[in-house]
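Enquirer: Here you go, one structure.
Protein chains in written order, with our numbering: chain U, 1141 to 1404; chain Z, 6 to 271.
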């Protein structure tokens, strides 16, 4: 356990060293808030409510969902693995006395711990700058449940990106696929618009998949909506984590022999 | 006249060379098409969802918004097919001294950079954009006349050139500063925002930024406004004026940059 803790510490320090990166990320959170402010400001100019949202709850939703989206930096994991397999330096991870997936999970934890602090401050800043009357739930049970859901969601995304990175062992070039995945994930996790705006049938289908519970459900819980879905969310997301872990195991066992350490 | 002929011949040779190169390295040929079409289809889904709950965003209905997405996609498609991959590497070429190769050739370096990496893999994006525009015209109930088509094509042309000018301008900053990375990130952030939002929702400081400094806010908005009969004389003049200003500014910065360039020490 101690060696994983060391990795977490190293990646917190790395984040401090690469200050430019988080300034860029902050700029992108600002873009999301400006998008929400302009789009929904225009829409709410002529009405009080849209699908149960007021302008304040809508803006609160965007503040929370962009905070959660920024926390998850696991898409870097798939790119790191893919790049290293392609140039033959993935051997580094194979020879260290540590579980490779554990290494990347610890790395993601280090990044999340650092981001948690930075993005919390920037989110508070956006609330003041955009003069948002922030809506936030006060029920401790919902709060605790949403936090567990977020942790599970982050774990799931780290698993997913680890799995996608491993696919480089078989398919060699996955960058195009990763870019498409990033776009689709932004939509299906509710980072672009709240999923409640979609037709009911589509939302019903989405509930069977994990992405609904990664950003959208925690954000909605935090603004005090759809509390009844918490239990279901925890169950579905946990099941997906178990299934994906089995898929990762099978993929690694099948494809690791294809790696020859000399690059593609 | 002979100069134009010579330049056209150079462009043809560059395109031929690029096609031969693509035949050898086929990996990821349609990659940009898949990535960009995904971006605009997601965009379409987003506004389909929004319009299933509201009638209008500002003064625009669903048809105008679909037209907007299709128009932005079309301008972006021209960008991807013709010049993006050529000019995108300008900062790297300046930084590591590769610009020397372009300066020593008997042809304009910018002309060569613009056309040396055309990307036919993005051509399907033009068709997809055409489909989106047709869908927007049908949804918006726009009555098409030859005058409207000609005007729309004119505005698409002007805005594609403006897009090109802004991209070259931002990348030319590398002649004067160590890295133009931050400017490119700003460009990316502004572009992402304006792909999602039409110019009609901007006000105050946002209008100043996205109508003047990073004019992505007018790029797809003006062609749509022309097609839907919302174009006023002032707006048309503004569009032409911004494009002309950026043409002069980009030409000036590029020329000064070339003079300032001192090989690999940039």
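Idealized CB from N, CA, C, for every residue including glycine.
These figures come from a predicted structure and were not determined experimentally.
Say whether chain U places a C-beta atom closer than 9 Å to the C-beta of residue 134(Z).
Expert: Not closer than 9 Å to any Cβ of chain U, the Cβ of residue 134(Z) fails to qualify, so no.
Enquirer: For chain Z, find out if any of its Cβ atoms is closer than 9 Å to the Cβ of residue 1326(U); answer yes or no.
Expert: Chain Z contact via Cβ: present.
Enquirer: Please report how far the alpha carbon of residue 1267(U) lies from the alpha carbon of residue 1196(U), in whole angstroms.
Expert: Approximately 10 Å, taken between the alpha carbons.
Enquirer: Rounded to the nearest angstrom, how far is the Cβ of residue 157(Z) from that of residue 231(Z), given a contact under 8 Å?
Expert: Yes, residue 157(Z) and residue 231(Z) are in contact; Cβ-Cβ is about 6 Å, under 8 Å.
Enquirer: By alpha-carbon positions, which one of 61(Z), 48(Z), 100(Z), 73(Z) ends up nearest to residue 176(Z)?
Expert: Measuring from the Cα of residue 176(Z), the nearest candidate turns out to be 100(Z).
Enquirer: Just to confirm my understanding: we take residue 195(Z), look at its own chain, exclude 5 residues before and 5 after, and list those with CB closer than 8 Å. What are they?
Expert: Taken in chain order, the residues that qualify are 214, 215, 219, 221.
Enquirer: Do residue 1356(U) and residue 1329(U) have their CB atoms nearer than 9 Å?
Expert: Yes; because the gap between Cβ atoms is below 9 Å, this pair is in contact.
Enquirer: Return the chain-ordered list of same chain residues with a C-beta closer than 8 Å to the C-beta of residue 206(Z), the five sequence neighbours on each side being excluded.
Expert: Same-chain partners within the cutoff: 62, 63.
Enquirer: Of all the CB atoms in chain C, is at least one closer than 9 Å to the CB of residue 54(Z)?
Expert: Checking the listed chains, one finds no chain C in this structure; the protein chains it contains are U and Z.
Enquirer: Taking Cβ-Cβ distances shorter than 8 Å, what residues in chain Z pair up with residue 1174(U)?
Expert: Chain Z residues near residue 1174(U): 198, 211.
Enquirer: Hey, how far is the Cα of residue 1150(U) from the Cα of residue 1250(U)?
Expert: Cα to Cα, the separation comes out at about 7 Å.
Enquirer: From residue 246(Z) to residue 170(Z), what distance separates their C-alpha atoms?
Expert: If you take the alpha carbons of residue 246(Z) and residue 170(Z), they lie about 13 Å apart.
Enquirer: Among all the DSSP beta bridges, which residues are the ones paired with residue 1150(U)?
Expert: In the DSSP output, where bridge partners are listed per residue, residue 1150(U) has none listed.
Enquirer: Suppose you measure from the CA of residue 129(Z) to the CA of residue 1284(U); what does that come to, to the nearest Å?
Expert: One C-alpha to the other measures close to 48 Å.
Enquirer: Here's the rule: buried if 16 or more other CB atoms are within 10 angstroms of the residue's CB, otherwise exposed. What is residue 199(Z)?
Expert: With 16 or more Cβ atoms within 10 Å of its Cβ, residue 199(Z) is classed as buried.
Enquirer: Would you identify the three-state DSSP class for residue 1116(U), choosing helix, strand or coil?
Expert: Because residue 1116(U) is not part of the residues shown, which for chain U are 1141 to 1404, the question remains open.
Enquirer: Put residue 112(Z) into one of helix, strand or coil per three-state DSSP.
Expert: DSSP places residue 112(Z) in coil when its eight states are reduced to three.
Enquirer: Please classify residue 266(Z) as buried or exposed, where buried requires at least 16 neighbouring CB atoms within 10 angstroms.
Expert: So residue 266(Z) counts as buried.
Enquirer: So which residues of chain Z does residue 1457(U) contact, with C-beta pairs closer than 7 Å?
Expert: No information on residue 1457(U) is available, as it lies outside the stretch 1141 to 1404 that chain U covers here.
Enquirer: Can you find at least 3 beta carbon pairs, one from the segment 1325-1340 of chain U and one from the segment 41-61 of chain Z, that sit closer than 8 Å?
Expert: A contact exists between the segment 1325-1340 of chain U and the segment 41-61 of chain Z.
Enquirer: Between which residues of its own chain and residue 85(Z) is the CB-CB distance below 7 Å, once the five residues before and five after are set aside?
Expert: Once the five neighbours on either side are set aside, the close Cβ partners of residue 85(Z) are 37, 41, 124, 127, 130.
Enquirer: Can the beta-carbon of residue 1222(U) be found less than 9 Å from the beta-carbon of residue 1248(U)?
Expert: No, these two residues do not count as a Cβ contact at 9 Å.
Enquirer: Using 8 Å as the threshold, is the segment 112-123 of chain Z in touch with the segment 79-99 of chain Z, meaning 3 or more CB pairs across them?
Expert: The answer is yes - the segment 79-99 of chain Z touches the segment 112-123 of chain Z, with three or more Cβ pairs under 8 Å.
Enquirer: To the nearest angstrom, how far is it from the Cα of residue 1189(U) to the Cα of residue 189(Z)?
Expert: Approximately 38 Å, taken between the alpha carbons.
Enquirer: Cα separation between residue 1143(U) and residue 1238(U)?
Expert: If you take the alpha carbons of residue 1143(U) and residue 1238(U), they lie about 8 Å apart.
Enquirer: Is there a C-beta anywhere in chain Z that falls below 9 Å from the one on residue 1390(U)?
Expert: Output row for residue 1390(U): interface = no.
Enquirer: Is it buried or exposed, residue 164(Z), if we count other Cβ atoms within 10 angstroms and call 16 or more buried?
Expert: Looking at its Cβ environment, which holds 16 or more other Cβ atoms inside 10 Å, residue 164(Z) is buried.
Enquirer: Measure the C-alpha to C-alpha separation of residue 1145(U) and residue 1253(U) and round it to an integer number of angstroms.
Expert: Looking at the two C-alpha atoms, the distance is approximately 12 Å.
Enquirer: Going along the segment 85-99 of chain Z in order, which residues come within less than 7 Å of chain U, judged by CB to CB distance?
Expert: If the cut-off is 7 Å between Cβ atoms, the segment 85-99 of chain Z has nothing near chain U.
Enquirer: Using only CA atoms, which one of 1218(U), 1315(U), 1377(U), 1280(U) lies nearest to residue 1289(U)?
Expert: Among 1218(U), 1315(U), 1377(U), 1280(U), the Cα nearest to that of residue 1289(U) belongs to 1377(U).
Enquirer: Taking DSSP as the reference, what is the three-state secondary structure of residue 1349(U)?
Expert: Residue state, collapsed to three classes: coil.
Enquirer: Could you spell out where the alpha helix (DSSP H) holding residue 98(Z) opens and where it closes?
Expert: Start and end: 95-100.
Enquirer: So, at 6 Å on beta carbons, what are the nonlocal neighbours of residue 77(Z) in its own chain, with the 5 sequence-adjacent residues on each side left out?
Expert: Here the set comprises 200, 225.
Enquirer: At a Cβ threshold of 9 Å, is residue 1337(U) touching chain Z?
Expert: Answer yes: the Cβ-Cβ gap between residue 1337(U) and chain Z drops below 9 Å somewhere.
Enquirer: Would you say residue 1354(U) reaches chain Z, if we count a Cβ-Cβ gap shorter than 9 Å as a contact?
Expert: For residue 1354(U), the answer is no, since every Cβ of chain Z falls outside 9 Å of its Cβ.
Enquirer: Please look up how many angstroms separate the CB atoms of residue 1305(U) and residue 1353(U), rounded, as I've assumed it's under 8 Å.
Expert: That pair is no contact at about 22 Å.
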